[in-house]
Amino acid sequence: MTATLGVLGSLVLVVLFGSVVPVVPTGAAVSGAAALAAHQHPVTVVLVVIAGAIGAYAGDLATYGMLGWGGERLARRLHWLRGRQRVGRMTARVREELVSTLLVSRLIPGGRIPVLLAAALSGLTWRRFALADAPASLLWSVLYAAIGVLGRAIFPEPWQSVVAAILLVVLVSQGLSWLARRRALPGEPPVAP
1 MTATLGVLGS LVLVVLFGSV VPVVPTGAAV SGAAALAAHQ HPVTVVLVVI AGAIGAYAGD
61 LATYGMLGWG GERLARRLHW LRGRQRVGRM TARVREELVS TLLVSRLIPG GRIPVLLAAA
121 LSGLTWRRFA LADAPASLLW SVLYAAIGVL GRAIFPEPWQ SVVAAILLVV LVSQGLSWLA
181 RRRALPGEPP VAP
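Quick note: the sequence shown uses the UniProt record's numbering, first residue 1, plus one each step.
See the structure below:
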């Protein structure tokens with residue numbers, strides 16, 4: 001049991017770190033952990049979902065706090081404020097469909113930070129963000145854990161299901177990234193939905 005808690009604690013930290021530093025493949029970490037948990041004891045998949053959601057939620061709160069503090073300076077540095085129409089569209093979408101926008105932004109590689117920045121620039125209160133991000137983080141964790149469990153159902157060996165889950169996550173995220181690039185207007189960088 002102590003080993004399981006250590007692994008779950010490590011998963012929380014990996015997902016939290018990946019939520020703040022978006023180069024860490026957090027979805028693959030949750031999928032791989034769920035695949036291993038499903039091979040060992042299926043009930044622990046629920047604990048993997050909870051650990052992934054806690055890490056994602058804590059990381060999102062930290063990132064939102066940092067962007068709320070220095071978001072406008074960051075937007076100017078990234079030249080986002082030059083495309084006011086693009087920023088306006090994103091902030092309007094954030095205000096209208098907050099939970100779904102947060103969830104989709106987690107699924108698109110590089111989509112979460114622009115959406116969190118748009119939320120911070122739109123003046124979204126900390127409380128409203130925190131309430132909306134909880135279900136988005138949980139749904140994200142459930143989705144990636146389901147990918148891992150699906151890998152476990154198909155492959156007999158734990159290592160095979162972990163590799164399959166990670167490959168599926170990479171393929172899906174690259175596909176979504178490709179679609180986002182195709183939907184972008186000519187001369188305009190892709191924006192998360």
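Even for Gly, the Cβ is constructed at its ideal location relative to N, Cα and C.
Since the model is a prediction, treat every value here as computed from it, not as a measurement.
Does the beta-carbon distance from THR63 to SER10 come in below 8 Å? Here THR63 is not near SER10, since their CB atoms are 8 Å or more apart.
Using alpha carbons as the reference points, say which of ALA38, ARG112, SER137 and PHE155 lies closest to GLY52. SER137 is the residue among ALA38, ARG112, SER137 and PHE155 whose C-alpha sits nearest the C-alpha of GLY52.
Does DSSP put GLY123 in a helix, in a strand, or in coil? Note: GLY123 maps to coil in three-state DSSP.
Cutoff 8 Å; reference TRP126; Cβ partners in own chain excluding five residues on either side: The answer, listed in chain order, is TYR64, GLY65 and GLY68.
Could you have a look at ILE50 and say whether DSSP puts it in helix, strand or coil? Here ILE50 sits in helix by DSSP.
Could you tell me whether the Cβ atoms of TRP13 and GLY55 are closer together than 8 Å? According to the sequence provided, residue 13 is Leu. The question's Trp does not apply to it. GLY55 sits close to LEU13, with the two beta carbons spaced by under 8 Å.
Buried/exposed call for PRO156, threshold 16 Cβ in 10 Å: Classification for PRO156: exposed.
Under a three-way DSSP split, which group does GLU157 fall into? Taken through DSSP and simplified to helix, strand or coil, GLU157 comes out as coil.
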